[in-house]
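In structure tokens form, the structure reads like this:
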């Protein structure tokens with residue numbers, strides 16, 4: 021690793037080109053700072069490897085635009101920028117154009133333009149091509165574009181380079197495919213990697229991947245424009261109410277982050293219900309179509325929205341210099357990811373408010389993130405065995421592997437990418453094949469990663485407790501040697517900054533509770549059998565499938581949290597008030613659902629899939645009484661059920677453990693059944709029970725799931 025204190029300067033000619041770029045981007049008075057000039061000068065040298073770790077807003081993109089302009093003027097080929105998000109690429113294309121560079125991107129939104137862009141690229145009509153790491157991993161793209169650029173790339177830029185390292189907070193396996201591009205490069209091609217969120221371990225890992233001679237340029241990471249604050253001791257529901265109360269008073273426009281998609285959608289809907297058009301907001305999640313995400317980003321940028329209520333899908337690269345606030349409803353599991361997200365605010369203004377609203381409910385989300393990307397050897401081996409049945413002439417697709425292994429599709433996709441990084445599988449144009457290389461689980465490596473993530477969670481706990489200056493703690497988590505008390509956060513000043521208050525209004529909490537408990541959540545039926553241990557795979561016959569159902573409580577719904585805590589305990593005496601809330605909620609859900617019934621329920625069948633028999637029966641009895649429905653029972657004896665079962669194994673447990681006796685078969689024959697289930701995350705008990713009831717003659721099965729677990 022090269023000495024980061026080295027000072028490099030540009031020749032007059034190169035300095036003139038770089039100066040023109042900077043002035044075009046930032047105004048006539050703008051000049052390259054010494055550290056930026058060092059980076060640009062290094063990239064003018066053949067075979068250079070440069071890693072820039074600098075705070076958000078430092079001007080990392082200006083470095084690669086200036087270097088691109090110089091290299092293009094000297095006859096080098098186009099710059100290839102690997103960028104993680106479509107929103108980031110859009111901003112970069114616009115910035116490159118302001119710098120006088122011809123830039124283009126190949127993504128799923130502009131497929132019709134690919135041919136002309138690729139033609140311009142080959143003919144030298146494009147200075148900068150921006151692509152995602154996922155696009156790099158696509159074999160068709162590699163064959164058409166990368167093969168044509170082999171040896172011709174003038175500069176390779178790896179933006180948000182912390183994602184290259186699986187020690188980082190946002191590791192993306194497809195980023196490791198950048199190494200394939202490095203191998204195809206002319207050895208003289210310079211490479212620049214940039215990030216604002218890398219501690220020493222991640223920095224060392226990325227630098228090692230780039231090469232031993234990598235020049236690392238690190239700078240101070242404090243952001244003087246940000247006033248950090250922690251608003252502690254709020255319940256999950258209080259946090260929603262706090263945002264509703266404070267949003268009109270927060271400066272300018274901003275982002276409210278949530279930990280889950282469900283919370284983003286529900287908080288946005290609540291704000292819209294309470295404030296209407298006076299405080300315009302929208303939910304922003306990774307599940308939105310690219311065009312809709314782009315439209316929402318532009319609306320916030322134009323101040324047509326007060327805020328986007330967003331998951332981490334709105335993070336890296338979104339550029340709105342006058343963003344006035346960032347609020348987190350729930351603490352991210354890593355101080356590094358938190359720093360990256362709050363860095364959206366205050367980039368072009370002197371003051372922005374950053375507020376964190378933690379809760380003890382966050383720990384469950386942290387535990388999930390700590391291990392979500394760690395491969396499970398048993399599952400990996402099952403996937404590899406399934407791949408053995410395919411070859412180059414007939415590669416396996418993800419849906420094929422999902423059906424054959426019984427593993428969930430998202431898990432299959434992640435494991436394939438990880439195995440590709442390890443060289444055990446290869447992605448070809450029509451699917452996936454094994455390479456013949458053996459795969460072994462590196463337990464020590466992954467144990468180390470989990471340990472690091474748990475230490476990061478401990479740092480966030482210290483942050484929420486206010487153990488010391490908040491900005492200093494974030495800087496220290498990124499190994500910033502310049503870390504010191506900021507003098508302006510809620511710890512340093514001993515109070516919350518205006519206009520923040522420590523509590524939500526009681527009336528707002530009551531209003532939100534009523535609104536949220538009135539929601540209806542559609543429960544889409546499973547359509548495919550899992551294969552694997554279950555045996556059967558493929559589409560579930562229509563005559564055995566459940567109808568679209570409803571769930572009363574979705575995921576970690578804050579308005580139901582205390583009710584769930586009080587009632588979902590099979591050994592405790594059922595408390596009257598929370599049980600009555602669930603009974604009333606079930607009846608209200610049925611009332612709102614009735615317009616889309618295939619037929620009015622005639623008999624209710626309880627299924628305590630999570631073991632809450634008394635609660636499930638109590639709700640079923642109440643629904644039967646109010647709706648004048650008959651009651652019937654299933655014979656239930658699931659054995660061997662644990663949370664660690666695969667999808668196929670769980671389905672098998674329920675198939676073997678659920679039975680419809682003759683009396684129940686007579687009760688449901690030719691009738692519409694309301695299947696009332698206490699809780700499930702997989703929906704296999706719902707799916708299997710519906711199939712057995714249909715086999716016994718039920719005309720239709722309408723599932724009502726009390727708690728759809730995450």
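Residue numbers (this note's numbering): 21 to 730. Using N, Cα and C, we set each Cβ at its ideal position, and we do this for glycine too.
Measure the CB-CB distance between residue i and residue j and report whether it falls below 8 Å.
i           : j           : result
residue 351 : residue 376 : yes
residue 621 : residue 543 : no
residue 332 : residue 285 : no
residue 88  : residue 28  : no
residue 403 : residue 417 : no
residue 725 : residue 700 : yes
residue 572 : residue 538 : no
residue 242 : residue 215 : no
residue 619 : residue 423 : no
residue 441 : residue 453 : no
residue 566 : residue 707 : yes
residue 634 : residue 594 : yes
residue 690 : residue 717 : yes
residue 523 : residue 294 : no
residue 302 : residue 328 : yes
residue 150 : residue 170 : no
Relative to the alpha-carbon of residue i, which residue among the options has its alpha-carbon at the smallest distance?
i           : options            : result
residue 529 : 578, 492, 517      : 578
residue 211 : 234, 367, 335, 677 : 234
residue 427 : 719, 129, 704, 717 : 704
residue 466 : 415, 392, 510, 716 : 392
residue 460 : 397, 268, 384      : 397
residue 437 : 395, 476, 463, 412 : 395
residue 62  : 91, 672, 74        : 91
residue 447 : 475, 429, 415      : 415
residue 400 : 505, 431, 646      : 431
residue 609 : 639, 450, 479, 595 : 639
residue 688 : 509, 674, 650, 664 : 650
residue 207 : 231, 213, 193      : 231
residue 600 : 614, 641, 569, 564 : 641
residue 574 : 209, 118, 729      : 729
residue 372 : 353, 248, 546, 226 : 248
residue 326 : 264, 306, 368, 518 : 264
residue 278 : 272, 287, 270      : 287
residue 296 : 304, 267, 311      : 267
residue 290 : 317, 114, 259      : 259
For residue i, write down the residues that DSSP places opposite it in a beta bridge.
i           : result
residue 548 : 559
residue 723 : 695
residue 447 : 452
residue 304 : 330
residue 689 : 718
residue 650 : 623
residue 80  : For residue 80, which the question treats as bridged, DSSP gives no partner whatsoever.
residue 394 : BP columns for residue 394 are empty, so no partner.
residue 700 : 728
residue 277 : 330, 348
residue 248 : 374
residue 542 : 570
Let's test the definition: count the other Cβ atoms within 10 Å of the Cβ of residue i and tell me whether it reaches 16, buried, or not, exposed.
i           : result
residue 228 : exposed
residue 487 : exposed
residue 382 : buried
residue 219 : buried
residue 33  : exposed
residue 590 : Because the pLDDT of residue 590 is 47, which lies under 50, any placement of that residue in the model is unreliable, and the number read from its coordinates should be weighed accordingly. The residue is exposed, with fewer than 16 neighbouring Cβ atoms inside 10 Å.
residue 257 : buried
residue 23  : The predicted position of residue 23 is uncertain, since its pLDDT is 49 and thus under 50; a value taken from the coordinates is nonetheless stated next. Classification for residue 23: exposed.
residue 632 : buried
residue 132 : exposed
residue 153 : buried
residue 163 : exposed
residue 49  : exposed
Between residue i and residue j, how many whole angstroms is the CB-CB distance? I'm expecting something under 8 Å.
i           : j           : result
residue 126 : residue 85  : With 8 Å as the limit, residue 126 and residue 85 do not qualify as a contact, their Cβ atoms being about 19 Å apart.
residue 625 : residue 644 : About 10 Å separates the two Cβ atoms, so there is no contact after all.
residue 198 : residue 156 : 7 Å
residue 359 : residue 490 : Actually they do not touch by this definition, with Cβ atoms about 10 Å apart.
residue 313 : residue 340 : Not quite, the Cβ-Cβ distance comes to about 14 Å (not below 8 Å), so this is no contact.
Considering only heavy atoms of the ligand PLP, does any lie closer than 7 Å to the CB of residue i?
i           : result
residue 667 : As for the ligand PLP, it is missing from this structure, which has no ligand bound.
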